[in-house]
Amino acid sequence: MTAPPPDARRVSVGIGQLAISKDPGEVLVAYGLGSCIGISCYDPQARVAGLVHILLPNSEGKRSEDREPARFADTGIDLLMSRMTASGAVVRRLVVKVAGGAAVLGPANAEKFKIGERNAEAIKERLKRHGLTPAGMDLGGTKGRTLEMHPATGKTFVRTAASPAIEL
Amino acid sequence: MHEQLISTLSTVAKDGAFRAGRGLSGLMGQEIAIHVPNVRIGTKADACDAVGGEETIVLGAYLSISGDITGHVMLLFPVPRALECVDLMCGQPPGTTQEPDELSDSAIGELGNIVGSAFINALADHLNLILHPSPPSVINDMAIALVESVYAEVLSQGSDVVMMDAIFEDHSGKTAGLLLVAPDPVSLERLQRVAA
């Protein structure tokens, strides 16, 4: 296994977006996850990597949005699985890591909708339906996170404003 | 969609940003210029560009609005700029405060209070609403994490998002801050009625 080259192309995976990559020259990044959750997955045999940036727990009663196909945990994870499979990955082989779900807006928002917490529950629940349990998690707390998936190695890293990248 | 509402909110946002900017320049003892605020459907990461891009660490304040309508107000500064504001507010030479501390948190909370309330009061006056800002939370994080969390709050309750953002600049053209206001979707209907 090799680390990504220093000039690796950073592919930003924004809110409600999803990226699949087999390219060792790429790094998939979800910048500044607040209450959002980033889910990375990797099939070590097929060497396919994926990253999705979920905004909300549940699509029920909500309009779907073409520009943000992976906005919701339920439909977003289903889409991730189908896109991974279409790229040659096998779901039961996937190594899944998740980070985010923080409450970054402080006490003035604490009693409102607890979106971060609900996102965390929803993604675990949906992954379970696909027979998957995260191999690494960094959820909750009060700080935003940036999540990186390196297709070259299948490794996932998390960093915050205050702390450098650590492998999840 | 919401054409009438967007046009009314644009007027209100302009006055709100003007009052907020006046509050800011009063506190800082210097002239602050206000860009005509953006009122838009949805959100874009470019709201963060004003404070230096998505991953830039910002310091600021968040207030929630309650009363006739509910919503969110956030005032963000790039950290060095926030600390400069603190120095100006405390009557110290800029550069005195090097790191966020208890005193700077309290000054930033007060700044958020004054600037945020100025905007909320403009909204209340123009639309004849009773609105209460919450006490401010001091926030210190990556800009995009804060903006997306407000976006998530709003979208969790409906499918329509209207966000207003106003950029403050000092006399040298440097960004002095970003103000972001988003009513909750349930309040959009009410706003639409009073705007008509």
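These protein sequences, in sequence, are chains E and D.
If you want our numbering, it's the position in the first sequence, counting the first as 1, plus 1219.
If you want our numbering, it's the position in the second sequence, counting the first as 1, plus 1102.
Even for Gly, the Cβ is constructed at its ideal location relative to N, Cα and C.
Quick caveat: nothing in here was measured; it's all calculated off a predicted structure.
* **Interfacial residues, the region 1232-1245 of chain D to chain E, with Cβ spacing under 8 Å** => Within the region 1232-1245 of chain D, the residues whose Cβ lies closer than 8 Å to any Cβ of chain E are, in chain order, 1236, 1237, 1238, 1239, 1240, 1241, 1242, 1243, 1244 and 1245.
* In chain order, what residues of the same chain lie with their CB nearer than 6 Å to the CB of residue 1384 of chain E, ignoring the 5 residues before and after it? -> Position 165 of the first sequence, counted from the first residue, corresponds to residue 1384 of chain E. These residues qualify, in order along the chain: 1376 and 1378.
* To do: Return helix, strand or coil for residue 1256 of chain E, following the three-state DSSP convention.
  => Looking up residue 1256 of chain E in the first sequence gives position 37. Three-state result, residue 1256 of chain E: strand.
* Asked: If you follow the beta strand (DSSP E) that residue 1242 of chain D is part of, which residue opens it and which one closes it?
  -> Taking the first residue of the second sequence as position 1, residue 1242 of chain D is located at position 140. That run of the beta strand (DSSP E) goes 1239-1244.
* Asked: In whole angstroms, what is the alpha-carbon distance linking residue 1251 of chain D and residue 1239 of chain D?
  -> On the second sequence, residue 1251 of chain D is found 149 positions in, with the first residue counted as 1. On the second sequence, residue 1239 of chain D is found 137 positions in, with the first residue counted as 1. Their backbone Cα atoms lie some 14 Å apart in a straight line.
* To do: Can you tell me the Cβ-Cβ gap for residue 1222 of chain D and residue 1134 of chain D, rounded? I've got them flagged as a contact below 8 Å.
  => Residue 1222 of chain D sits at position 120 when you count from the first residue of the second sequence. Residue 1134 of chain D sits at position 32 when you count from the first residue of the second sequence. That belief does not hold up - the Cβ atoms of residue 1222 of chain D and residue 1134 of chain D are roughly 18 Å apart, past 8 Å.
* To do: Could you list the residues in the region 1325-1342 of chain E with a C-beta less than 9 Å from some C-beta on chain D, going in chain order?
  => 1325, 1326, 1327, 1328, 1329, 1331, 1332, 1334, 1335, 1337 and 1338
* **Proximity test, Cβ basis, 8 Å: residue 1247 of chain E and chain D** => The residue you call residue 1247 of chain E lines up with position 28 of the first sequence. When Cβ-Cβ separations below 8 Å define contact, residue 1247 of chain E makes no contact with chain D.
* Can the beta-carbon of residue 1269 of chain D be found less than 8 Å from the beta-carbon of residue 1157 of chain D? -> The residue labelled residue 1269 of chain D in the question sits at position 167 within the second sequence. The residue labelled residue 1157 of chain D in the question sits at position 55 within the second sequence. It is not a contact, given that the beta carbons lie outside the stated cut-off.
* Asked: Comparing the C-beta of residue 1166 of chain D with each C-beta of chain E, is any distance below 8 Å?
  -> Counted from its first residue, the second sequence places residue 1166 of chain D at position 64. It does; some Cβ of chain E falls within 8 Å.
* C-alpha distance - residue 1297 of chain E paired with residue 1289 of chain E, whole-angstrom precision -> In the first sequence, counting from the first residue as 1, residue 1297 of chain E sits at position 78. In the first sequence, counting from the first residue as 1, residue 1289 of chain E sits at position 70. About 9 Å.
* Asked: Tell me which same chain residues have a C-beta within less than 7 Å of the C-beta of residue 1255 of chain D, skipping the five on either side of it?
  -> The count along the second sequence starts at 1 and reaches residue 1255 of chain D at position 153. For residue 1255 of chain D, the CB contacts under 7 Å within the same chain, skipping 5 residues up- and downstream, are 1174 in chain order.
* **N- and C-terminal bounds of the alpha helix (DSSP H) containing residue 1189 of chain D** => By 1-based counting over the second sequence, the position of residue 1189 of chain D is 87. Per DSSP, residue 1189 of chain D is one residue of the alpha helix (DSSP H) stretching across 1181-1191.
* Asked: Which residues share a DSSP beta bridge with residue 1229 of chain E?
  -> Numbered from its first residue, the first sequence carries residue 1229 of chain E at position 10. Paired residue(s): E:1246.
* **Three-way DSSP call (helix, strand, coil) for residue 1348 of chain E in this model** => Numbered from 1 along the first sequence, position 129 holds the residue referred to as residue 1348 of chain E. Residue 1348 of chain E: helix per DSSP, three-state reduction.
* residue 1136 of chain D versus chain E: which residues are under 8 Å apart at the beta carbon? -> For this step, residue 1136 of chain D is matched to residue 34 along the second sequence. Under the 8 Å cutoff, chain E gives no residues; its nearest Cβ is about 24 Å from residue 1136 of chain D.
* Close beta carbons around residue 1121 of chain D, own chain, < 6 Å, minus the five adjacent residues each side -> As a first step, residue 1121 of chain D is located in the second sequence; it is residue number 19 there, counting from the start. The beta carbon of residue 1121 of chain D sits closer than 6 Å to those of 1220 and 1224, all from its chain and outside the five residues before and after it, given in chain order.
* To do: Please confirm if residue 1247 of chain D has its CB atom under 8 Å from at least one CB of chain E.
  => Taking the second sequence and counting its residues from 1, one reaches residue 1247 of chain D at position 145. With respect to chain E, the C-beta atom of residue 1247 of chain D has a partner C-beta closer than 8 Å.
* **Outcome for residue 1210 of chain D when other beta-carbon atoms lying within 10 angstroms are tallied against a minimum of 16** => As a position in the second sequence, residue 1210 of chain D is number 108, starting the count at 1. Buried.
* **CA-to-CA distance, residue 1254 of chain E to residue 1220 of chain E, given in whole angstroms** => Looking up residue 1220 of chain E in the first sequence gives position 1. Looking up residue 1254 of chain E in the first sequence gives position 35. Note that residue 1220 of chain E scores 48 on pLDDT, short of 50, meaning its location in the model is unreliable; the coordinates nonetheless yield the value given after this. Taking the straight line joining both Cα atoms gives about 33 Å.
* Spatial neighbours of residue 1369 of chain E within its chain, please: CB distance less than 6 Å, with the 5 preceding and 5 following residues excluded, ordered by chain position. => Against the first sequence, residue 1369 of chain E aligns to sequence position 150. Cβ neighbours of residue 1369 of chain E beyond the five flanking positions: 1223 and 1246.
* Is the shortest distance between the beta-carbon of residue 1257 of chain D and the beta-carbons of chain E less than 8 Å? -> On the second sequence, position 155 is the one that residue 1257 of chain D refers to. Closer than 8 Å: yes.
* To do: Check residue 1295 of chain E in the structure and name its three-state DSSP category.
  => What you label residue 1295 of chain E is simply residue 76 of the first sequence in a count that begins at 1. Three-state result, residue 1295 of chain E: helix.
* Asked: By the 10 Å Cβ neighbour count, where 16 or more other Cβ atoms means buried, how is residue 1264 of chain E classified, buried or exposed?
  -> Counted from its first residue, the first sequence places residue 1264 of chain E at position 45. So residue 1264 of chain E counts as exposed.
* To do: Decide yes or no for the touch test of the region 1348-1363 of chain E against the region 1297-1313 of chain E: beta carbon pairs closer than 8 Å, at least 3 of them.
  => With a cut-off of 8 Å, the region 1297-1313 of chain E and the region 1348-1363 of chain E count as touching, because enough Cβ pairs lie within range.
* According to DSSP, is residue 1374 of chain E helix, strand or coil? -> By one-based count along the first sequence, residue 1374 of chain E stands at place 155. Here residue 1374 of chain E sits in strand by DSSP.
* Residue from E:1260, E:1243 and E:1358 whose Cα sits closest to the Cα of residue 1304 of chain E -> Working through the first sequence from its first residue, we reach residue 1304 of chain E at position 85. By alpha-carbon distance to residue 1304 of chain E, the top candidate from E:1260, E:1243 and E:1358 is E:1260.
* Exposed unless 16 or more other CB atoms sit within 10 angstroms - verdict on residue 1235 of chain D -> By 1-based counting over the second sequence, the position of residue 1235 of chain D is 133. Residue 1235 of chain D is buried by the Cβ-count criterion.
* Asked: Which class does residue 1295 of chain D belong to by DSSP, given the choice of helix, strand or coil?
  -> Numbered from its first residue, the second sequence carries residue 1295 of chain D at position 193. Here residue 1295 of chain D sits in helix by DSSP.
* Asked: What are the start and end residues of the alpha helix (DSSP H) that includes residue 1269 of chain E?
  -> Taking the first residue of the first sequence as position 1, residue 1269 of chain E is located at position 50. Where residue 1269 of chain E is concerned, there is no enclosing alpha helix (DSSP H), although the beta strand (DSSP E) it sits in stretches over 1267-1273.
* **Buried or exposed by the 16-neighbour rule on C-beta atoms within 10 Å, applied to residue 1272 of chain E** => Taking the first residue of the first sequence as 1, we reach residue 1272 of chain E at position 53. The residue in question, residue 1272 of chain E, is buried, as its Cβ has 16 or more Cβ neighbours within 10 Å.
* Asked: Which term fits residue 1264 of chain D, buried or exposed, when burial requires 16 or more other beta carbons within 10 angstroms of its beta carbon?
  -> In the second sequence, the residue the question calls residue 1264 of chain D occupies position 162. The residue in question, residue 1264 of chain D, is buried, as its Cβ has 16 or more Cβ neighbours within 10 Å.
* To do: Report the neighbours of residue 1380 of chain E on chain D: residues whose CB is nearer than 8 Å to its CB, in chain order.
  => One-based indexing of the first sequence puts residue 1380 of chain E at position 161. Correct list: 1159, 1242, 1243 and 1244.
* Assigned exposure category for residue 1341 of chain E - 16 Cβ within 10 Å defines buried -> As a position in the first sequence, residue 1341 of chain E is number 122, starting the count at 1. Buried.
* Tell me where the beta strand (DSSP E) around residue 1315 of chain E begins and ends. => In the first sequence, counting from the first residue as 1, residue 1315 of chain E sits at position 96. Unbroken beta strand (DSSP E) run through residue 1315 of chain E: 1314-1319.
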